[in-house]
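S.K.: Here's a structure for you.
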Amino acid sequence: MISEIDRYAGISSPIHRWDPRLRLISIFALIFSVILLYNLQLIVIGMIFAIILTCISKIPFSFVLSRMRLVFIFVIPFFVIVPFTVIGDGVEIASFGGITLSYRGIEYVKFAAMIVLKALTAVMLIFPMVGTSRMDITIKALEGLHMPNKLVQMFAFTYRYIFVLDDEFMRMDRSLTSRGFKRQGNLYTLTTISKAIAMLFVKSYERADRVFYAMRSKGYSGTVATLHEFHARRQDWVNTAVVVGFALLLQVAATSGTFSTTRGFL
Amino acid sequence: MTAKAAARGAGGAAIRVHDLNYTYPDGTAALEHVSFEIEKGESIALVGPNGAGKSTLLLHLNGILHSTRSRGAVEILGKPIDPKKVHEMPKKIGIVFQDPDDMLFMPLLADDVAFGPINLGIGKDEVKQRVKDSLLRVGLAGYENRVSHHLSGGEKKRAAIATVLSMDPEIIAMDEPTANLDPKSRAELIGILKSLKDEGKTLIIITHDVNAIPELADRVIVLKKTVIADGTTREVFADSEMLVAAGLDVPTIMQFFEVLQAFGYPCDVLPLSIDAAVKNLTQTIENEAGHVHLHIHKHTHTEVGAVRGKYQHHHTAADCPE
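Those protein sequence lines, which keep their order, are chains Z and E.
Residue numbers 1 to 266, in this note's numbering, belong to the letters of the first sequence in order.
Residue numbers 1 to 322, in this note's numbering, belong to the letters of the second sequence in order.
This is the structure we're talking about:
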C-alpha cells in the first residue's frame with residue numbers, strides 16, 4: 001500500500017497554518033538555494049535550517065527519516081564513486097583496469113558529502129513543504145499560483161489514481177497468490193510479475209479512456225478549475241520573509257567569497 | 001407502439017435515435033440499426049445481455065462516441081449532436097458511468113460535484129449552492145471535503161450521481177446504478193432514482209435488476225446489438241419467450257403469481273412488484289368473500305412445470321417434471 005505524504009496534514013503548527021501558496025514558493029526557493037551551494041559549511045547551515053523547519057512543522061522525525069531512507073540508499077554510493085572519477089593530476093595511489101585512485105580523489109570525498117547532504121536537505125524540506133496540508137489543498141495552491149493548468153491536472157490525476165492503480169495491482173497480486181503463486185527468484189516469477197504489470201498498463205490505459213469520457217460528459221474542454229479561496233495574512237508574509245530571506249542570505253554568503261567553493265570534477 | 005403514442009402527448013422528443021450503427025475499432029459490430037424515441041419525462045429501462053452494446057449506446061447519447069456512420073443518427077431535445085460540441089451537451093444530458101471511480105477524478109468530492117457546473121460557466125456562488133443541494137439530494141450532505149477514494153461503494157455510486165445532478169441536465173442516463181450494492185444501499189439508490197422520476201426528469205437506466213424495473217421505468221427497451229423489443233414494462237415482461245432467448249428474466253414476483261395461477265389462483269393481470277402483489281391479493285380475497293381458493297388437480301404439476309420451464313435458461317428434461 002502506498003502511504004501518503006500528507007498523513008500529518010491534520011495536525012496544527014505554524015507551518016500548517018501558513019498560506020499554502022506562500023509556503024510552496026518559499027520552501028521551493030529555499031530548496032533551490034541549498035542545491036546551488038558549493039560550500040560544505042553553508043550546506044550544513046542549510047540542513048540545520050531544514051531540520052528546524054521540520055521540527056516546527058511537528059511532523060514526527062521517525063516518519064521523515066523512514067521516507068529519507070530510500071533517498072539515502074540512492075545517494076550513498078557517491079562516496080565511493082566520486083573519489084574514483086576525479087579527472088586531473090594528482091598523486092596516484094592505485095590503478096586498476098583504467099580506474100585510478102589519487103590523493104586528489106580522496107580530497108573529493110568532501111564533494112561527495114556535499115551531494116549527499118544537499119539531496120537529503122532537499123528531500124527533508126519536501127515534508128514541511130507538502131506534508132503540512134492535504135494534497136488536494138496543495139494542488140489547489142498550485143492552481144492559485146497560476147502554475148500551467150496542464151501540469152496542475154497531471155498532478156491532480158496522478159495523486160487521485162495512484163491509489164486506484166495500487167489497489168488494482170494489489171487485487172491482481174492477491175488473485176495470483178490465491179491460486180498458488182509464490183514469489184521466488186526465478187524466471188517464472190519474473191515473467192508472471194511482468195505480465196501482471198503489463199496488464200496493469202492495459203487496464204490503466206482503458207481506465208484513462210473511461211475517465212476522459214466521464215470528464216467530457218461533464219463538459220471538460222481542456223482546463224480544470226476548482227473552487228478555492230486562499231487569504232494571505234500578515235503572519236504568512238512574515239514566514240515568507242524569514243524563509244526566502246534565509247535562502248537569499250545563503251546565496252549572498254556563497255557569492256561573497258568568504259566561503260571557498262568546491263565544484264565537481266575539475 | 002402504444003407506450004410511445006401515450007407518452008407523445010407529454011411534450012417533444014427528448015431523445016431520437018434513428019438507424020444508429022457502431023463498429024468497435026477491432027471490427028466487431030456493437031450497434032446495428034438502433035432506432036428508438038424517448039419522450040420528455042419518460043423513464044426508460046434499457047436491458048440486454050452483457051455485451052449487447054448498452055454502454056456503447058449510452059456514450060453515443062452525448063456524442064462522446066461517434067463515427068461517420070453515426071452522424072446525425074442521434075438527436076437530443078430536437079437537435080442532432082455535433083461531435084465538436086460535446087462539452088456543451090451536459091446542459092441537456094448527464095451520464096452516470098458504471099464505475100464511480102471513473103467519475104470521481106478530483107481530489108475532493110466537492111471538486112467533483114463542482115466540476116460540471118464550473119465547466120458550464122456557472123458563477124461561483126451558484127456552483128457552491130448546487131454542490132450543497134446535489135449532495136443533499138443523494139443523501140451525502142456534509143461530504144464536501146471527503147476524499148473520494150475513501151468512500152464506500154454505495155457512497156461512491158451516489159456521489160457519482162451528485163456530480164451529474166449539479167449540472168441540472170434535462171435527461172439523465174445511468175449505467176447500472178444499482179449493480180454491486182448491498183440491499184440497503186440498493187434501496188437508497190432506488191429511492192433517489194424514484195425521486196428523479198417524480199420530478200419529471202427524463203431517465204434512461206441500464207439495469208439487470210429486473211425486480212427494480214417496475215418501480216423505476218414506464219417503458220423497457222431490450223437491446224441486443226439492435227432494439228429487439230420496445231414497449232411498456234408489462235408488454236415487454238409478458239413476452240417471456242423473447243426475454244429468455246435474450247438471456248433475460250422477469251421479476252420474481254411475476255413468476256410466482258404465474259405459478260399461483262397454475263394452482264388455481266384467479267388473476268388476469270400478473271403483478272410486477274410487491275406493492276402490486278399486495279393490492280392484487282387484497283382485492284382477490286375481498287372478491288372471494290374472505291378466502292383465496294387454491295387447489296391441486298391432475299394437471300397442476302404439468303402446468304407448474306410449464307411455467308417454470310418458460311423462464312429456465314438451461315432447461316433439461318429433468319427440470320420439467322411430467
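Beta carbons: idealized from backbone N, C-alpha and C, even for Gly.
Every value quoted in this text rests on a predicted model; they were computed, and no experiment measured them.
Do residue 129/Z and residue 24/Z count as a contact pair if the criterion is CB distance below 9 Å?
M.R.: In this structure, residue 129/Z lies closer than 9 Å to residue 24/Z by Cβ.
S.K.: Determine which residues of the segment 127 to 138 of chain E have a Cβ less than 7 Å from any Cβ of chain C, and write them out in chain order.
M.R.: Here chain C cannot be found, since the structure's protein chains are Z and E.
S.K.: Using the beta-carbon of each residue, which ones in chain Z are nearer than 8 Å to residue 124/E?
M.R.: Under the 8 Å cutoff, chain Z gives 227.
S.K.: Have a look at 106/Z, 133/Z, 75/Z, 177/Z and flag the residue whose alpha-carbon is nearest the alpha-carbon of residue 84/Z.
M.R.: When each option's Cα is compared against that of residue 84/Z, the closest is 106/Z.
S.K.: Quick one: any contact between the segment 218 to 229 of chain E and the segment 52 to 65 of chain E, if contact means 3 or more CB pairs under 8 Å?
M.R.: Yes: the two stretches touch, three or more of their Cβ pairs being nearer than 8 Å.
S.K.: Cβ closer than 9 Å: which chain Z residues qualify as neighbours of residue 174/E?
M.R.: The contacting residues do not exist; residue 174/E stays about 12 Å from chain Z at best.
S.K.: Determine the DSSP secondary structure at residue 7/E, reduced to helix, strand or coil.
M.R.: With a pLDDT of 45 at residue 7/E, under the threshold of 50, the predicted position of this residue should be treated as unreliable, and no value is reported.
S.K.: Is there a Cβ from chain E that is less than 9 Å from the Cβ of residue 224/Z?
M.R.: Closer than 9 Å to some Cβ of chain E, the Cβ of residue 224/Z qualifies, so yes.
S.K.: Under three-state DSSP, which class holds residue 94/E?
M.R.: The answer is strand: DSSP assigns residue 94/E an E or B state.
S.K.: Listing by chain order, which chain Z residues have their CB less than 7 Å from the CB of residue 86/E?
M.R.: Per Cβ cutoff of 7 Å: 216.
S.K.: Identify the contact partners of residue 12/Z in chain E, using a Cβ-Cβ distance below 9 Å as the criterion.
M.R.: The premise fails here: residue 12/Z is roughly 17 Å from chain E at the closest Cβ pair, so nothing lies under 9 Å.
S.K.: Is it a yes or a no for the segment 139 to 157 of chain Z touching the segment 159 to 177 of chain E, going by three-plus beta-carbon pairs under 8 Å?
M.R.: Because the criterion of three Cβ pairs below 8 Å is not met, the segment 139 to 157 of chain Z and the segment 159 to 177 of chain E do not touch.
S.K.: Which one or two residues does DSSP pair with residue 174/E in a beta bridge?
M.R.: Beta-bridge pairing links residue 174/E to 96/E, 205/E.
S.K.: Would you mind working out which of 32/Z, 37/Z, 221/Z, 10/Z sits nearest residue 259/Z, comparing C-alpha positions?
M.R.: It is 37/Z.
S.K.: Short check: CB of residue 323/E to CB of residue 43/E, under 9 Å?
M.R.: The question about residue 323/E has no answer, for chain E in this structure spans 1 to 322.
S.K.: Which runs of the alpha helix (DSSP H), 4 residues or longer, sit entirely within the segment 38 to 102 of chain E?
M.R.: As far as the segment 38 to 102 of chain E is concerned, its whole alpha helix (DSSP H) runs of at least 4 residues are 54 to 60.
S.K.: Anyone know if the C-beta pair for residue 171/E and residue 204/E falls short of 9 Å?
M.R.: The answer is yes: Cβ separation under 9 Å.
S.K.: Mind pulling the chain Z residues with CB within less than 7 Å of residue 103/E?
M.R.: Correct list: 214.
S.K.: DSSP on residue 256/E, reduced to helix/strand/coil?
M.R.: DSSP places residue 256/E in helix when its eight states are reduced to three.
S.K.: Whose Cβ in chain Z lies nearer than 9 Å to the Cβ of residue 115/E?
M.R.: Within chain Z, the residues near residue 115/E are 215, 218, 219, 220, 224, 225, 226.
S.K.: Just tell me which of 259/E, 289/E, 294/E has its CA closest to the CA of residue 308/E.
M.R.: When only C-alpha atoms are compared, the closest one is 259/E.
S.K.: Please work out which residues of its chain come closer than 8 Å, Cβ to Cβ, to residue 254/Z, disregarding the five sequence neighbours upstream and downstream, and give them in chain order.
M.R.: Result list for residue 254/Z: 36, 37, 38, 39, 42, 261, in chain order.
S.K.: Using 8 Å as the cut-off, can you tell me whether the segment 119 to 129 of chain E makes contact with the segment 166 to 179 of chain Z, which would need three or more C-beta pairs spanning the two stretches below that distance?
M.R.: No, the segment 119 to 129 of chain E does not touch the segment 166 to 179 of chain Z.
S.K.: Whole angstroms is fine: what's the gap from residue 286/E's alpha carbon to residue 268/E's?
M.R.: Each residue's alpha carbon lies about 16 Å from the other.
S.K.: Compare the C-beta of residue 1/Z against all C-beta atoms of chain E and say whether one is closer than 9 Å.
M.R.: The pLDDT assigned to residue 1/Z is 47, lower than 50, so where the model puts this residue is not dependable, and the model offers no usable value.
S.K.: Might you give, ordered along the chain, the residues of its own chain that have their beta carbon closer than 6 Å to the beta carbon of residue 159/Z, omitting 5 neighbours on each side?
M.R.: So the list reads 135, once near-sequence residues are dropped.
S.K.: Quick check: what's the CA-CA separation for residue 96/Z versus residue 102/Z?
M.R.: If you take the alpha carbons of residue 96/Z and residue 102/Z, they lie about 12 Å apart.
S.K.: Which value, in whole angstroms, describes the spacing of the CA atoms of residue 317/E and residue 302/E?
M.R.: Note that residue 317/E scores 47 on pLDDT, short of 50, meaning its location in the model is unreliable; the coordinates nonetheless yield the value given after this. Near 13 Å, if we compare the C-alpha coordinates of residue 302/E and residue 317/E.
S.K.: At the level of alpha carbons, what is the spacing between residue 121/Z and residue 60/Z?
M.R.: Going by the C-alpha atoms only, they are around 16 Å apart.
S.K.: Can you list, in chain order, the residues of its chain with a C-beta nearer than 6 Å to that of residue 189/Z? Leave out the 5 residues immediately preceding and following it.
M.R.: Same-chain partners within the cutoff: 183.
S.K.: On the criterion of 16 or more Cβ atoms from any shown chain inside 10 Å, does residue 1/Z qualify as buried, or is it exposed?
M.R.: Legend: pLDDT at residue 1/Z = 47, less than 50; position of this residue unreliable, no value from coordinates given.
S.K.: Going by Cα to Cα distance, which pick from 27/Z, 14/Z, 9/Z, 81/Z is closest to residue 248/Z?
M.R.: Among 27/Z, 14/Z, 9/Z, 81/Z, the Cα nearest to that of residue 248/Z is on 27/Z.
S.K.: Can you find a C-beta in chain Z that's less than 9 Å from the C-beta of residue 179/E?
M.R.: By this cut-off, residue 179/E is not an interface position.
S.K.: Starting from residue 281/E, follow the beta strand (DSSP E) in both directions and report where the run begins and ends.
M.R.: Not the beta strand (DSSP E): residue 281/E falls in the alpha helix (DSSP H), residues 274 to 287.
S.K.: Since I believe residue 176/E is in contact with residue 207/E (beta carbons under 8 Å), could you give me their beta-carbon distance rounded to a whole number of angstroms?
M.R.: 6 Å between Cβ atoms; contact.
S.K.: What does a CB cutoff of less than 7 Å around residue 72/E pick up in its chain, not counting 5 residues either side in sequence?
M.R.: Cβ neighbours of residue 72/E beyond the five flanking positions: 80.
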